[in-house]
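Worksheet: one structure, shown below.
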Amino acid sequence: MHVPTLKTNPNFRWLLRGAIVSNLGDQLTVVALPLLVLQLTGDPLALGLVIALIGLPRAIFILLGGALVDRFSPQRVLMASKLANAVLLILLALLVMNTHPVLTLELGTLLSIAVTLTPHLVLMLVCALAFSLGLAQAFSIPAGAAIVPAALPATLLEAGNGALMGLRQLALLAGPLLAVWLLGARQHGLALAFALDAASFLVSAWMLARVVLHADRPAGAAPLLRALGAGLVQLWRDSALRLCFIYWALVAVCIGGAMQVALPVLATQLAGAGTLAWLMAANGGGILLGMAAAALGGPRLRFSRFGCTILLVDALVGCLVMPLGVVDRAWLAALLLLGLGVLSGYLQITIYSWIGRRVPAALMGRAMSIFMFIFMGLAPLSAAGAGWLLRFVSLPQLFLGGGLVLLTLAALAWLLTPMRHIPLAPLTAP
């Protein structure tokens, strides 16, 4: 009897190839966009604003995106979002490529308009494109999470998810290193990074079209917003899930944005553009190690209760964040970020596995959209606040305060809530 494996599954091979291309491209923009904003303005507040403009539409529409994926084909939603991202990144690359102070727009033979591309105007255009990128992500993120169970048989889901998540972390390691080489082409390095990311979306969309879903999701009779509300109500009734979501939302708002703004500022203070890529590579390598430890160590590296694991690991993260602002060597910052990555990767596997065991399959799209809303929607919104704070406090004070806040949240959750008693629960209906 033939036993199906990931190696012999054509859908997984196409998903894997597309993920390799898309994840590497994504990391180029993750490095290039903050550097572009800092080159234009030198202002952490402007960087926080751009990050917030990516997070705002993502936060508003990601829950709707999850309901849309639950109702229609995740392949169609993901394809549309990839094409939209490609167009937006091409526009961003063209904007950066224009090195002349005046851009002439030819509108036929009788009319031409000269537009002076001041740094302020360029920043406004970057903000508009950042908002549009965040809107596209609101639909691509839940679609990307939902396409794996729609494309693979149930027996391969765990292995398939593990392989694709591990690949994403390898991209966190390799992508910034590629960005180091690209950004060395000084004048056009940023434009080349955006253009290659656009190309990666087009290539991965072509590969995604080769995936054949084993079960396309039929449209339900209930209106989309009503189905979304009904699913959220069911999830809210699970007290353990509700408590964890509230705690994670507080963590994301209080410290998530600070890290997104403070890390590029730290890199530019230490050495420059290349340093940010190396720091992100160190963090990506740590995440990969943490995921491997969680997957291979199993119960030996976990407490018997899920809540204990989450709160104690968060306390360790707070301790590693606090000294980041006072390091004066890039290798010391990279070492701290490596440790933070290990803890983050361990938590990701632990949390995804816990949600997968606890939430019914019919609600998984909406449950994952809530989780992604927290860490990909709320955290960037707090980046604007972190950028504003850096006008009044120093970078060491921001890192110290962020670490202390995380320690305080973990301690209060331990002492004042039943979160530490949440078990590694089997699948239950909320």
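Residues in the sequence shown are numbered from 2 upward in steps of one, following the working numbering. We treat Cβ as the ideally placed atom computed from N, Cα and C, and that holds for glycine. Predicted model only: the values in this text are computed from it and were never measured.
- For Ile-311, the enclosing alpha helix (DSSP H) begins and ends at 307-322.
- Annotated as distal: Asp-329 and Ala-411, with beta-carbon spacing of 8 Å or more.
- When the alpha-carbon of Ala-335 is set against those of Phe-376, Ile-352, Leu-391, Leu-271, the nearest one is in Leu-271.
- 8 Å or more divides the Cβ of Ser-354 from the Cβ of Ile-288.
- Judged by beta-carbon spacing, Leu-165 lies within the 8 Å limit of Ala-20, meaning their Cβ atoms are closer than that value.
- In the structure shown, Pro-361 falls within a coil segment according to DSSP collapsed to helix, strand and coil.
- Taking C-alpha positions only, Ala-199 is separated from Ala-259 by approximately 28 Å.
- For Phe-307, the CB contacts under 8 Å within the same chain, skipping 5 residues up- and downstream, are Thr-351, Trp-355, Ile-423, Pro-424, Leu-425, Ala-426 in chain order.
- Taking a contact to require three or more Cβ pairs closer than 8 Å, the region 67-83 and the region 411-421 do not qualify as touching.
- Boundaries of the alpha helix (DSSP H) around Asp-198: 190-209.
- Going by DSSP, Ala-85 is part of the alpha helix (DSSP H) stretching over 75-98.
- Contact between Thr-42 and Phe-195 does not hold, since their C-beta atoms are separated by about 18 Å, which reaches or exceeds 8 Å.
- For the set Leu-157, Leu-191, Pro-75, the Cα lying nearest the Cα of Leu-92 is the one of Leu-191.
- In the DSSP assignment, Asp-329 falls outside any alpha helix (DSSP H) and carries neither an H nor an E.
- The beta-bridge partner set that DSSP reports for Pro-424 consists of Arg-306.
- Annotation for Thr-9: no alpha helix (DSSP H) segment contains it, and DSSP assigns it neither H nor E.
- Distance from the Cα of Leu-379 is smallest, within the candidate group Leu-214, Leu-64, Ala-151, for Leu-64.
- Its Cα nearest to that of Ser-141, the residue Phe-374 stands out among Leu-236, Arg-359, Asn-10, Phe-374.
- By the C-beta density criterion, Phe-400 is buried, having at least 16 other C-beta atoms within 10 angstroms.
- Buried is the label assigned to Arg-169, since at least 16 other Cβ atoms lie within 10 Å of its Cβ.
- Distance from the CA of Ile-256 to the CA of Asp-44, rounded to the nearest whole angstrom, comes to 20 Å.
- In the three-state reduction of the DSSP assignment, Gly-403 falls in the helix class, which pools H, G and I.
- Distances from the alpha-carbon of Arg-77 to those of Ala-144, Ala-385, Phe-372, Leu-321 put Ala-144 closest.
- Between Met-369 and Gly-67, the C-beta gap is smaller than 8 Å, which places the two residues in contact.
- The three-state reading of DSSP puts Val-394 in coil, since its state is none of H, G, I, E or B.
- In this chain, Ala-253 is not harboured by any alpha helix (DSSP H), its DSSP state being neither H nor E.
- Approximately 6 Å separates the beta-carbon atoms of Phe-132 and Pro-58; this is inside 8 Å, confirming the contact.
- Short of 8 Å from the beta carbon of Phe-202, and not among the five residues preceding or following it, lie these beta carbons of its own chain, in chain order: Ser-23, Gly-26, Lys-83, Leu-84, Asn-86, Ala-87, Leu-90.
- Under the three-state reduction of DSSP, Asp-239 is assigned to coil, being neither helix nor strand.
- For Pro-45, the enclosing alpha helix (DSSP H) stretches over residues 45-72.
- Proximity to Ser-205 across Thr-6, Asn-10, Leu-396, Arg-18 peaks at Arg-18, based on C-alpha coordinates.
- Taking C-beta atoms under 8 Å as the contact rule, Ala-384 and Gly-49 qualify, at a distance of about 4 Å.
- Taking the C-beta atoms as reference points, Leu-280 is found nearer than 8 Å to Ala-268.
- In the structure shown, Leu-214 falls within a coil segment according to DSSP collapsed to helix, strand and coil.
- Comparing alpha carbon positions, the residue from Leu-408, Leu-197, Ala-253 closest to Ala-387 is Ala-253.
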